[in-house]
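Encoded as structure tokens, the structure appears first; notes follow it.
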Amino acid sequence: MSPEVLAARAMGDPVNPWMMETGSIYLWSGLLLAALALTAKNRRIPLFGLMLVAASSGFWQEFFGDWGAYVAWNPQFARLPFWGDMAYTTPVKPLFMPFSWGWWFAVSIPLLTSLVIFLKWKFPSRSVYFHSMLTAFPLFLAYQIYVEGSSVANGWWTYDSIIGPALESEQGRLPLIFPLLIGLWAGGFVGLLADRDEDGFMPHELRAGAKRKPAGFRREWTRLWSMIVLFQMTFFAVNIGPAILGRILFGGPSALVP
Numbered sequence: 320m321s322p323e324v325l326a327a328r329a330m331g332d333p334v335n336p337w338m339m340e341t342g343s344i345y346l347w348s349g350l351l352l353a354a355l356a357l358t359a360k361n362r363r364i365p366l367f368g369l370m371l372v373a374a375s376s377g378f379w380q381e382f383f384g385d386w387g388a389y390v391a392w393n394p395q396f397a398r399l400p401f402w403g404d405m406a407y408t409t410p411v412k413p414l415f416m417p418f419s420w421g422w423w424f425a426v427s428i429p430l431l432t433s434l435v436i437f438l439k440w441k442f443p444s445r446s447v448y449f450h451s452m453l454t455a456f457p458l459f460l461a462y463q464i465y466v467e468g469s470s471v472a473n474g475w476w477t478y479d480s481i482i483g484p485a486l487e488s489e490q491g492r493l494p495l496i497f498p499l500l501i502g503l504w505a506g507g508f509v510g511l512l513a514d515r516d517e518d519g520f521m522p523h524e525l526r527a528g529a530k531r532k533p534a535g536f537r538r539e540w541t542r543l544w545s546m547i548v549l550f551q552m553t554f555f556a557v558n559i560g561p562a563i564l565g566r567i568l569f570g571g572p573s574a575l576v577p
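Residue 413 in this note's numbering sits at position 94 of the sequence shown, and the numbers go up by one each step.
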């Protein structure tokens with residue numbers, strides 16, 4: 320019996336699938352229009368616009384991380400038309416993934432960055448990284464644990480195997496290692512974005528030479544590609560790579576996620 324048939328039997332019909340499918344696309348589109356409007360007005364891409372593009376471009380990492388974490392998506396979701404079966408990836412690859420990655424990080428990361436900048440102004444004796452680990456880390460951890468439980472309960476995805484410690488709940492066993500990793504990533508990443516110089520440039524923008532360029536297209540293009548590189552490299556290093564290595568080193572075979 321194929322993994323998709325087994326997954327369909329295990330999860331049944333997804334509850335409110337429109338929230339992930341059409342909802343993600345509408346929200347992503349609204350954020351894109353807002354980012355374009357603000358960029359045209361201010362000649363500077365807002366942080367949520369940078370995150371929208373960077374996170375959307377990094378969606379491909381999801382399916383490799385899912386393989387490492389034994390995550391199987393409900394086969395009733397619409398699929399990406401250009402990506403089917405591939406080694407070291409979960410079998411079902413939902414169409415909404417680029418959009419859901421984009422809107423979630425475009426909303427959450429800038430809000431947390433603004434909070435950390437405010438806390439740094441309010442309590443200047445502490446570093447932005449202290450404030451970030453104090454806020455972004457626990458908030459991301461709590462959100463991820465909530466999402467894992469509610470999504471399994473809604474039949475959106477399931478874990479075929481559990482690696483490491485887990486929470487026991489009515490929705491099933493929920494691994495803690497992956498929410499912990501993304502919480503740590505968020506704490507460090509938000510700290511980087513809040514660590515501005517006197518002109519408001521972030522460390523990766525300074526290293527890419529954005530500050531040396533005159534205001535306009537060349538500067539904003541540098542800010543955009545450097546954010547894409549920063550997001551993809553840090554996210555893979557902290558969240559995706561460890562999941563893949565963990566399964567290769569300590570995991571076993573899987574019926575739902577071969």
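Backbone N, C-alpha and C fix where the C-beta goes; we use that ideal spot for every residue, glycine too.
So, residue i versus residue j, is the Cβ gap smaller than 8 Å?
| i | j | result |
| --- | --- | --- |
| tryptophan 476 | asparagine 558 | no |
| tyrosine 345 | serine 573 | no |
| threonine 553 | phenylalanine 508 | yes |
| glycine 468 | leucine 493 | yes |
| valine 324 | asparagine 473 | no |
| methionine 546 | alanine 373 | yes |
Between the C-alpha atoms of residue i and residue j, what's the straight-line distance to the nearest angstrom?
| i | j | result |
| --- | --- | --- |
| phenylalanine 401 | lysine 530 | 38 Å |
| methionine 412 | leucine 486 | The question names methionine, but residue 412 in the sequence shown is lysine. Their backbone Cα atoms lie some 26 Å apart in a straight line. |
| arginine 362 | alanine 534 | 8 Å |
| methionine 405 | leucine 414 | 16 Å |
| threonine 408 | leucine 575 | 11 Å |
| alanine 359 | methionine 330 | 45 Å |
| proline 443 | proline 410 | 48 Å |
| aspartate 479 | aspartate 514 | 40 Å |
| phenylalanine 396 | methionine 339 | 9 Å |
| leucine 351 | threonine 341 | 15 Å |
| glycine 560 | glutamate 517 | 35 Å |
| serine 650 | tryptophan 420 | Past the edges of the chain, shown from 320 to 577, lies residue 650, and the structure says nothing about it. |
| leucine 357 | proline 457 | 31 Å |
| histidine 523 | phenylalanine 383 | 26 Å |
| valine 471 | lysine 441 | 40 Å |
Hey, out of the options, whose CA is closest to residue i's CA?
| i | options | result |
| --- | --- | --- |
| leucine 371 | Gly535, Leu355, Phe382 | Leu355 |
| isoleucine 482 | Val324, Asn361, Leu499, Pro533 | Leu499 |
| leucine 399 | Ala406, Phe378, Pro322, Pro365 | Phe378 |
| alanine 425 | Ser375, Arg362, Phe382, Ser451 | Ser375 |
| threonine 454 | Ala472, Leu431, Met339 | Leu431 |
| valine 466 | Ile501, Ser433, Ser480 | Ile501 |
| phenylalanine 437 | Ile547, Gly510, Phe555 | Gly510 |
| tyrosine 462 | Ser451, Ser427, Arg445 | Ser427 |
| tryptophan 544 | Ala527, Ala556, Lys532 | Ala527 |
Opposite residue i in the DSSP bridges: which residues?
| i | result |
| --- | --- |
| alanine 529 | DSSP output for alanine 529 lists no bridge partner at all. |
| tryptophan 392 | Trp476 |
In terms of residues, what are the limits of the alpha helix (DSSP H) holding residue i?
| i | result |
| --- | --- |
| tyrosine 465 | 447 to 472 |
| threonine 541 | 536 to 554 |
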